[in-house]
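Numbering (the numbering used here), first residue to last: 758 to 956.
Notes follow the structure.
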């Protein structure tokens, strides 16, 4: 009797673990923000869910799409495998699509010569010329990304383009936010950030 009950409990735990792994591999994964490169949109201590099936169903560990039904769009906040180190995942905002030409002059991003309507980007108050970049044309199957905190982000300006096969998913929602520097528990939890939709 007890042995049968233990077997059933173990079976239930195994099924739950397999379901969780399946969901994590194909649909949703949690990430924690470690740096200020996406401020003010995402801040250190934000925990978010990333929709891994936003653009299609990928084969885990391989990076190829089993089923592709959408393409990343300008303005999407994406999580991707860092092209220079496959052990690291980065999160940035998608700025330019394959075939587009990107140039940054002063604090203005230009796509194909037209100023980008850029409500996300935050620039430093000083050094207007430091942000100059390009022009560069995004290759086929690649994307150009920037951190929202433009003067404090290692992004496509420094290490190049993101291959589509490196994109893991699209940021969905902040489900938890923790301020480790705050003095008491009530200040540590950033209540107003919890539930913020990132679409």
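From the three backbone atoms N, C-alpha and C, an ideal C-beta is built for every residue, glycine too.
Note that the coordinates shown come from a computational prediction; the quantities given were computed from them, not determined experimentally.
Check: So what does residue 906 bridge to, in DSSP terms?; Outcome: 879
Check: Contact defined as beta carbons within less than 8 Å: I believe residue 946 pairs with residue 935. What is the distance between those atoms, to the nearest angstrom?; Outcome: 7 Å
Check: Identify whether residue 821 lies in helix, strand or coil by the three-state DSSP scheme.; Outcome: coil
Check: Quick check: the Cα distance between residue 925 and residue 773, rounded to an integer number of angstroms?; Outcome: 24 Å
Check: Would residue 904 be called buried (16 or more neighbouring beta carbons within 10 Å of its own) or exposed?; Outcome: buried
Check: Can you give the Cα-Cα distance for residue 873 and residue 902, rounded to whole angstroms?; Outcome: 13 Å
Check: Residue range of the alpha helix (DSSP H) that residue 945 falls in?; Outcome: 942–945
Check: Under 8 Å by Cβ, that's how I've got residue 837 and residue 893 pegged, so tell me the actual separation to the nearest angstrom.; Outcome: With 8 Å as the limit, residue 837 and residue 893 do not qualify as a contact, their Cβ atoms being about 18 Å apart.
Check: Assuming residue 856 and residue 897 are in contact, meaning their beta carbons sit under 8 Å apart, how far apart are those beta carbons, in whole angstroms?; Outcome: 7 Å
Check: Using the C-alpha atoms, what's the distance from residue 791 back to residue 881?; Outcome: 21 Å
Check: Pop quiz: residue 808 and residue 929 are said to be a contact at Cβ under 8 Å. What is the actual Cβ separation, rounded to whole angstroms?; Outcome: 5 Å
Check: Identify the continuous beta strand (DSSP E) that holds residue 933 and give its terminal residues.; Outcome: 924–934
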